[in-house]
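Reviewing the structure listed below.
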Amino acid sequence: NLGKIESIRLFKTAESAELVTQNLPLAIQSYKTLVNRVQDNSSKALVLNRLARCYMKSGNFNQALNTYNEILKEYSNEMSSDGVPLGIIAFFQIGSITQKIEPEKAGQIILEFYNRLVGSKWSLDKSQFQFYRSIINKMGETWKTEWRGASEDVDFKNRWDEFERKADAKLEVLIKEEDLIEKIIPLVQARLFEFNSKAKEFSRFSKIVGGNLFLISAVSIQKEKILGIHIDNSVLIQERLPLLLDRFPIPEGWLVQIVDPDGQIVFGDEAVDSGTADLRSPFVLGFDQDFPPWQIRIFQKYPSASDRQFNLRRNVYILVVVVVMAVLFFGGFIAIRSTAKELELARLKSEFVSTVSHEFRTPLMSIRYLSEMLDSGRVKGEDKKNIYYGKIHKESERLSRLIENMLDFSKIEAGMKKYQFEDLSVGDLVKDVIQRFEEYVADKHVTLECEISDHLPDIHAD
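Oh and the sequence shown: position 360 is 360 in full-length UniProt numbering, straight run, nothing missing.
Below, the structure is given as structure tokens:
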């Protein structure tokens, strides 16, 4: 407690010196002392950010660079008090400082900043991504304007164009994610709870929002909660459809298209016009349950007069069989693949509930048994009572850990869990797990054996 009080006092002193009296030397000294006192990564990262800011204000750019680089290396994913990833703040300041003291190197810093932004290093929504992208664009334009060698840097231009393309692609994904969260999920929830609240089977939904098709398979699992799968359309179109159609080769003289509800080609032959195929009477088939809401259209190329009479009936029969088989196979593939994932999700949910119930039951039964023994007066002697009290305390701590784990699972499910990644020793982690289990199996005549190699590399994990 004394340590916390001293840390709070130091923080107030540093903050007042920086923001009120502008006594930067005192602020720097106080922040440096505070960095060595705080233990958790989040607090340490916030103090380092303030320390780097004071170095910037005092004109000590080299120390500011060193501090921001430390933040970038060790605490990039920690959040500022405003909810901004500190890695973004550090990169921005490093780029600004480098433009002042070493402008010839600033271009590479800006490119690396852009690379991190489009490379999913930070968890950002659409608005945040657009804002930070605009900041990087301004930094790039400033550097190209002020640094005379920028116009001759071909590598910078090529990499910049590459990151622009990646940024456009990522923005498209973020827009889809926003539509999914704000428009699709509420619609699916409303339909499930209104029409299918008691059903345990997965229901399938297709909806076009903002020009993007969303294919969803979902089931209600609790009050106001759903479990679902979002099918990746690009994988379906680019990978699955070609494989499926290869299994059913179309006879020579016919063209195939798969089109969306607006008649736009999703997959197939694009070179279909009035000069190469008969567009007046195509064969048209839909997918099972209108999932996805596309149509398969088959056109016949214009053959010669003699070939038309000879081949027409044969090709029609063959084509009808092939198309029906393709539709059945594709529909079955979608249904099987979706059902398999649905069953796996349902199995995992059932196993999770069963495991949690068992884990809660064990400490609760122990606490109940020990408390009944104490309450009935069958435990004689203070020493033995103290042993029972100790066991009750130990089981209550175990129950508390289980509850904390459940709360963590809820945060993970809601996307609110904050992770603290660091380098961990696999051996130490395994030893810690073994030590915990030894306490539970000590009276069960079970022997735990553990062999750990001395050459295991560290892992970066939470």
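Built from N, CA and C at the ideal position, the CB exists for glycine as well.
- The residues Ser206, Lys207, Asn233, Asp260, Pro292, Pro293, in chain order, have a CB closer than 8 Å to that of Leu213 in the same chain once the five nearest residues on each side in sequence are set aside.
- Counting only residues of its own chain and dropping the five nearest sequence neighbours on each side, Ile237 has a CB closer than 8 Å to the CB of Val266, Phe267.
- Around the Cβ of Val320, a 10 Å sphere holds fewer than 16 other Cβ atoms; the residue is exposed.
- Going by C-alpha positions, Asp153 is about 16 Å away from Phe163.
- One thing to note: Val35 has its Cβ no nearer than 8 Å to the Cβ of Leu19.
- Collapsing the DSSP output to three states places Val433 in a helix.
- According to DSSP, Ala27 shares a beta bridge with no other residue.
- The C-beta distance from Ile296 to Val256 rounds to 7 Å, short enough to meet the 8 Å contact threshold.
- Taking the Cα positions, Lys57 is about 42 Å away from Glu182.
- Assigned with DSSP and collapsed to three states, Gln420 falls in coil, not helix or strand.
- Only residues of its own chain outside the window of five on either side were considered, and among them Leu10, Thr13, Ala14, Ala17 have a CB closer than 7 Å to the CB of Ser30, listed in chain order.
- Per the C-alpha coordinates, the member of Glu404, Asp408, Arg368, Leu402 positioned closest to Ile392 is Arg368.
- Nearest neighbour of Glu70 by Cα position, chosen from Ala90, Asp383, Asn386, turns out to be Ala90.
- Residue Asp125 holds the alpha-carbon nearest to the alpha-carbon of Glu178 among Asp125, Phe437, Met373, Arg53.
- Looking at the DSSP output, Asn212 sits in a beta bridge with Val209.
- DSSP places Ile226 inside the beta strand (DSSP E), whose first and last residues are 225-231.
- Of Val118, Phe421, Phe352, the smallest CA-CA separation from Met406 is found for Phe352.
- Short of 7 Å from the beta carbon of Ile459, and not among the five residues preceding or following it, lie these beta carbons of its own chain, in chain order: Leu424, Val426.
- When the alpha-carbon of Lys32 is set against those of Cys54, Leu171, Ser42, the nearest one is in Cys54.
- Counted as a single uninterrupted DSSP element, the beta strand (DSSP E) harbouring Ile459 occupies residues 459-461.
- Ranked by Cα distance from Leu243, the options Phe299, Met139, Phe329 are led by Phe329.
- The C-beta distance from Phe193 to Val219 rounds to 11 Å, too long to fall under 8 Å, and the pair is not in contact.
- A check of alpha carbon separations from Phe360 across Pro457, Leu117, Ile403 identifies Ile403 as the nearest.
- Counting along the chain, Leu255 sits inside no alpha helix (DSSP H); it lies in the beta strand (DSSP E) bounded by residues 254-259.
- Around the Cβ of Val188, a 10 Å sphere holds 16 or more other Cβ atoms; the residue is buried.
- In summary, Phe437 is exposed, with fewer than 16 beta-carbon neighbours lying within 10 Å of its beta-carbon over all protein chains present.
- In this structure, Trp147 places its C-beta atom within 8 Å of the C-beta atom of Ala106.
- Per DSSP, the continuous beta strand (DSSP E) segment holding Val266 begins and ends at 265-268.
- By the Cβ neighbour-count rule, Arg401 is exposed, with fewer than 16 other Cβ atoms within 10 Å of its own.
- One Cα belongs to Gly228, the other to Asp408, and the distance between them is close to 21 Å.
- Around the Cβ of Pro363, a 10 Å sphere holds 16 or more other Cβ atoms; the residue is buried.
- Taking the CA atoms as reference points, Leu48 sits about 24 Å from Phe131.
- Ile94 is the residue among Gln39, Ile94, Leu86 whose C-alpha sits nearest the C-alpha of Gln63.
- Bounds of any alpha helix (DSSP H) do not take in Pro292, whose DSSP letter is neither H nor E.
- If you check the CB distance, Val235 and Lys170 do not come in under 8 Å.
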